[in-house]
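Report on the structure given below.
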Amino acid sequence: MDITYFLQELWNARSAIYHGVIITISISALAIILGTMLGVIVGLALEYGNLPIKFMFRIYIDIIRGTPVFVLILAMFYIPSAAGLNLDAFQAGVIALTIFCSSHIGEIVRGALAAIPIGQTEAAKAIGLTFSKTFIYVLLPQALRQILPTWVNTAAEMVKASTLLSIIGVLELMLTTQQIISRNFMNMEFYLFAGFIYFCINFGIEQLGRYVERKVTIS
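For the sequence shown, the residue numbers in our numbering are 70 to 288.
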């Protein structure tokens, strides 16, 4: 491995790598944020909805979780186009990862809410709290302590899943790396460098999760 040549090629490709990193972070962040918001709704519906709503969302979770991310990405890219809804690769990728993320977050939220004693909800009703206030002030703080560790793992999985978006032409970090390698044939060097960047992103997510977990943990 010629370190000098690698550093020179890395410097020459700095703009492309920077752009790929920004796209990867943008897609992952959008998928995590939107997927978490949708997942909370799914979890609430599974735990507190009536029977038809629970059945509908249970089917949603089972279908999405049972579908490979790769297939979900292709479906979200090609099916809307066939229906006359033109989504670009970035939009299709974000929607696919958001849906996939929401199915996992929904199940996590449902499990955390189910673990809270029913007496907590009944006590909140007894003092006149609405369901929204009960969720925000009573249920959510307790559920967060159970949700956070698994949420961090799910968020990291979204970053990893973003590498699959190269198949529909999203110029994220992995596709950018492949294009750079096609010019200089430095496979090992640039794949290791890309792996290091993915590690840094996921390490940042892990540290953020730990920070929030410390804030919500009751000593």
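Just so it is clear, CB atoms sit at the ideal spot from N, CA and C, and this is done for glycine as well.
{"Query": "Given residue 241 as reference, the closest of 71, 107, 162, 171 once Cα atoms are compared", "Result": "162"}
{"Query": "Chain-order list of residues whose beta-carbon lies under 7 Å from that of residue 116 (same chain, five-residue window excluded)", "Result": "179, 182, 183"}
{"Query": "Test item: CB-CB of residue 237 and residue 142 under 8 Å", "Result": "yes"}
{"Query": "Residue 217 versus residue 103: straight-line alpha-carbon distance, rounded", "Result": "16 Å"}
{"Query": "Sub-8 Å separation of residue 175 and residue 122 beta-carbons", "Result": "no"}
{"Query": "Where the alpha helix (DSSP H) through residue 249 begins and ends", "Result": "242-253"}
{"Query": "Proximal residues to residue 212 (C-beta, below 6 Å), its chain only, five neighbours per side dropped", "Result": "181, 182"}
{"Query": "Start and end residues, alpha helix (DSSP H) containing residue 89", "Result": "83-117"}
{"Query": "Environment of residue 146 [buried if 16+ CB atoms lie within 10 Å]", "Result": "buried"}
{"Query": "Proximal residues to residue 232 (C-beta, below 6 Å), its chain only, five neighbours per side dropped", "Result": "243"}
{"Query": "Assumed close pair residue 114, residue 126 - CB separation to whole angstroms, cut-off 8 Å", "Result": "5 Å"}
{"Query": "Closest Cα partner of residue 210 within the set 158, 248, 283", "Result": "283"}
{"Query": "Neighbourhood of residue 205 by C-beta distance below 7 Å, restricted to the same chain and skipping five residues each side", "Result": "none"}
{"Query": "Rounded straight-line distance, which links the Cα of residue 83 to that of residue 188", "Result": "57 Å"}
{"Query": "Where residue 191 falls, given that 16 or more other Cβ within 10 Å makes a residue buried", "Result": "exposed"}
{"Query": "Ordered list of beta strand (DSSP E) runs contained in the region 160-217, each at least 3 residues", "Result": "none"}
{"Query": "Residue 167 vs residue 120 beta-carbon contact at 8 Å", "Result": "no"}
{"Query": "Buried or exposed (CB count within 10 angstroms, at least 16 for buried), residue 288", "Result": "Reliability of the predicted coordinates at residue 288 is poor, the pLDDT of 45 falling under 50, and the value obtained from them is presented with this limitation in mind. The residue in question, residue 288, is exposed, as its Cβ has fewer than 16 Cβ neighbours within 10 Å."}
{"Query": "DSSP state of residue 239 mapped onto helix, strand, coil", "Result": "coil"}
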